[in-house]
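Working notes, structure below.
Structure below.
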């Protein structure tokens, strides 16, 4: 999992980074709102942690822009104040959860894991899907092609899992949006096309036996030439 931390206190950045890396995750941090938004668009993280009080662009505005771009992005807000008004503003702006400084790092990790579970519901599945040289490991939420690990964002893995469950069937963009982004999604439906393009590029680049087919005007279909072993 890749996380983005937008926080102007370097001591807090170092502390959070330490615990994130101990869990085997990757983290990037930026110290002002402007750089934080740039990092968000560059890296496309799986979860964002934002401090309310930021230079350049405050945390509430950063949260608002991220939420407008991706309605399902997990966002955890940090605040130096325990005042109800700040907490309410953060949640109304689009944050999924909040944590008041100073905080226990173990509580922070628990909240991050909780957000990840809620945002990526397939994470609790067991087993996997295998055909030829390609395996989606559900237990570890990972992808291997020709026995080599292939980096995938959680939402890309969710899409692959959905596609392989309905292999050889054409799934419409509406079906994909409802299942992966949720029925309340109000963003640009072309986000499906962007994610599918990335998945197709990874499958081709690593020589996968799986083929992602675009059915013009309808949606997408995953072909595996012979079926999957579950």
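In full-length UniProt numbering, the protein residues as written are 1 to 230.
From the three backbone atoms N, C-alpha and C, an ideal C-beta is built for every residue, glycine too.
All values reported here derive from a predicted model rather than from experimental measurement.
Answer yes if the region 47-66 comes into contact with the region 156-171, meaning at least three C-beta pairs across the two stretches below 8 angstroms, and no otherwise.
Verdict: no, contact absent.
For the region 134-142 against the region 102-114, are there 3 or more C-beta pairs whose distance is under 8 angstroms?
No, they do not touch.
Taking the Cβ atom as the reference point for each residue, do residue 185 and residue 178 lie within a distance shorter than 9 angstroms?
Yes, the Cβ-Cβ distance between residue 185 and residue 178 is below 9 angstroms.
Go to residue 40, then tell me how far its alpha helix (DSSP H) extends in each direction, as first and last residue.
Per DSSP, residue 40 belongs to the alpha helix (DSSP H) from 33-43.
What would DSSP say about residue 185, mapped onto helix, strand or coil?
Coil at residue 185, not helix or strand.
Would you kindly report the start and end of the unbroken beta strand (DSSP E) that includes residue 2?
First-last of the beta strand (DSSP E) with residue 2: 2-6.
Does residue 115 pass the burial test, meaning 16 or more other C-beta atoms within 10 Å, or should it be called exposed?
It is buried - the Cβ of residue 115 has at least 16 other Cβ atoms within 10 Å.
Checking 9 angstroms against the spacing of the C-beta atoms, do residue 235 and residue 27 come in under that value?
The structure shown does not extend to residue 235, since the chain is modelled only from 1 through 230, so no value can be given for it.
With distance defined between alpha-carbon atoms, name the residue in 154, 160, 104 nearest to residue 196.
Nearest C-alpha to residue 196: 160.
DSSP puts residue 29 in a beta bridge; with which residues?
DSSP lists 5 as partners of residue 29.
With DSSP run on the structure shown, which of helix, strand or coil describes residue 85?
Residue state, collapsed to three classes: helix.
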